[in-house]
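Trainee: First, the structure itself, so that you have it in front of you.
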Amino acid sequence: NAGVTQTPKFRILKIGQSMTLQCTQDMNHNYMYWYRQDPGMGLKLIYYSVGAGITDKGEVPNGYNVSRSTTEDFPLRLELAAPSQTSVYFCASSDTDWNTEAFFGQGTRLTVV
Amino acid sequence: ELKVEQNPLFLSMQEGKNYTIYCNYSTTSDRLYWYRQDPGKSLESLFVLLSNGAVKQEGRLMASLDTKARLSTLHITAAVHDLSATYFCAVDMRLVFGAGTILRVKS
Numbered sequence: 005n006a007g008v009t010q011t012p013k014f015r016i017l018k019i020g021q022s023m024t025l026q027c028t029q030d031m032n033h034n035y036m037y038w039y040r041q042d043p044g045m046g047l048k049l050i051y052y053s054v055g056a057g058i059t060d061k062g063e064v065p066n067g068y069n070v071s072r073s074t075t076e077d078f079p080l081r082l083e084l085a086a087p088s089q090t091s092v093y094f095c096a097s098s099d100t101d102w103n104t105e106a107f108f109g110q111g112t113r114l115t116v117v
Numbered sequence: 007e008l009k010v011e012q013n014p015l016f017l018s019m020q021e022g023k024n025y026t027i028y029c030n031y032s033t034t035s036d037r038l039y040w041y042r043q044d045p046g047k048s049l050e051s052l053f054v055l056l057s058n059g060a061v062k063q064e065g066r067l068m069a070s071l072d073t074k075a076r077l078s079t080l081h082i083t084a085a086v087h088d089l090s091a092t093y094f095c096a097v098d099m100r101l102v103f104g105a106g107t108i109l110r111v112k113s
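Now the structure itself:
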C-alpha cells in the first residue's frame, strides 16, 4: 500500500541545471497536485491535474512544467533551476469522491546553489 | 482568485487550555480540509468538511464549517503537548492552502 511516492527525497542542483521530480500514486486517483513549501511558510500550489491529459496552473507556475500522460504519474519539470526554487516540493492526490481527503507524498527537498 | 486566511499564525498555549483556530476563504467552495504537519514531515489529514454546518471531532480536536460565512474553525480542547504542530486549512478541489497556524503547547 504505497500511496503517493515521490523521488528523489533530496537533491542539490546547480543554477541553470534541469531536473524532473517524480510523483506516482497507486490509488487510481484522478486529481493530482504539486506544491512547494518554503521554510516556515504554507504550501503554494504550482500545478494540478484533474485527470490524464489535463493540467492547469496554480498560484506559482513560473519556472515549472508538468505532464500527465497516465493516471498514476504526474512529473514536475524544472528547466533552468534558480536559487528561488530552493524549497520542499510535495505531491498529492485525491479521488473525485467528495468524502475523501488528499494524500501527500513525503516530499522532495531541493537546494539550488 | 481564491484566498485562504488563517489566524492566528502562531499560538502558544498552556496545557489544559482551550483555543480556536480560524480559517476564512474568499469565494464559495464545496469542501474544506484540515491538515497537520510536524516539523520536517509531510501532511497528515485531520478532517474533510463538505456541507454547511458540518462538524467533525477526533480526540481533542473539533472542526466545523459555515459555508455562508466562508469560515471554518478548528477547536482544541484541553491541549496536550502532543498537539504541538502546524495546522493548515485547505479549500476547494484545487486544495488552496492557508498560511498555517504554528501551535506550541507548553506544560
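Protein sequences appear in the order of chains A and B. Under the numbering used here, the first residue of the first sequence carries the number 5, and numbering increases by one thereafter. Under the numbering used here, the first residue of the second sequence carries the number 7, and numbering increases by one thereafter. We put the beta carbon where it would ideally sit given N, CA and C, even for glycine.
1. Return the CA-CA distance between B:A96 and A:P79, expressed in angstroms with no decimal places.
2. Quick one: is B:S35 buried, meaning 16 or more other Cβ sit within 10 Å of its Cβ, or exposed?
3. What does the Cβ neighbour count give for A:R81, buried or exposed, with the cut at 16 atoms within 10 Å?
4. Which one of A:V117, A:T104, A:S97, A:R113 has the shortest CA to CA distance from A:W38?
5. Using CA coordinates, which residue listed in A:G7, A:E63, A:V64, A:T24 is at the minimum distance from A:G112?
6. Considering only the beta carbon of each residue, do B:Q43 and B:T92 sit closer than 8 Å?
7. What are the boundary residues of the beta strand (DSSP E) that includes A:E63?
8. Consult DSSP for B:L89 and reduce its assignment to one of helix, strand or coil.
9. Return helix, strand or coil for B:Q63, following the three-state DSSP convention.
10. What is the DSSP secondary structure of A:Q21, reduced to helix, strand or coil?
11. Does the CB of A:E83 have a neighbour CB from chain B at under 8 Å?
12. Using the beta-carbon count (16 or more within 10 Å), is B:G65 buried or exposed?
13. Pairs of beta-carbons, one from the region 21-36 of chain B and one from the region 71-80 of chain B, closer than 8 Å: are there three or more?
14. Does any heavy atom of the ligand ZN sit closer than 7 Å to the C-beta of A:V54?
15. Whose Cβ in chain B lies nearer than 8 Å to the Cβ of A:T104?
16. On the criterion of 16 or more Cβ atoms from any shown chain inside 10 Å, does A:T28 qualify as buried, or is it exposed?
Mentor: Let me lay it out:
1. Counting from one through the second sequence, the residue named residue 96 of chain B turns up at place 90. Counting from one through the first sequence, the residue named residue 79 of chain A turns up at place 75. Between B:A96 and A:P79, the C-alpha separation is close to 23 Å.
2. Taking the second sequence and counting its residues from 1, the one referred to as residue 35 of chain B is at position 29. Result: buried.
3. Locating residue 81 of chain A in the first sequence gives position 77, where the first residue counts as 1. Counting Cβ neighbours within 10 Å, A:R81 comes out exposed, since fewer than 16 surround it.
4. Looking up residue 38 of chain A in the first sequence gives position 34. It is A:S97 whose Cα lies nearest to the Cα of A:W38.
5. The residue labelled residue 112 of chain A in the question sits at position 108 within the first sequence. For clarity, residue 112 of chain A is Thr in the given sequence; the question names Gly instead. Per the Cα distances, A:T24.
6. Along the second sequence, read from residue 1 onward, the residue named residue 43 of chain B stands at position 37. Along the second sequence, read from residue 1 onward, the residue named residue 92 of chain B stands at position 86. Result yes, Cβ atoms of B:Q43 and B:T92 sit closer than 8 Å.
7. For this step, residue 63 of chain A is matched to residue 59 along the first sequence. No beta strand (DSSP E) contains A:E63, which DSSP labels as neither H nor E.
8. Position 83 of the second sequence, counted from the first residue, corresponds to residue 89 of chain B. Correct three-state label for B:L89: helix.
9. Within the second sequence, residue 63 of chain B is the residue found at index 57, counting from 1. DSSP places B:Q63 in strand when its eight states are reduced to three.
10. Taking the first sequence and counting its residues from 1, the one referred to as residue 21 of chain A is at position 17. In the structure shown, A:Q21 sits in coil (DSSP, three-state: anything other than H, G, I, E or B).
11. As a working mapping, residue 83 of chain A is identified with position 79 in the first sequence. So, not an interface residue.
12. As a first step, residue 65 of chain B must be located in the second sequence, where it is residue number 59. Flag for B:G65 reads exposed.
13. yes
14. In the structure shown, the ligand ZN is absent, as is every other ligand, since no ligand is present at all.
15. Taking the first sequence and counting its residues from 1, the one referred to as residue 104 of chain A is at position 100. Chain B residues near A:T104: V54.
16. In the first sequence, counting from the first residue as 1, residue 28 of chain A sits at position 24. Answer is buried; the Cβ neighbour count reaches 16.
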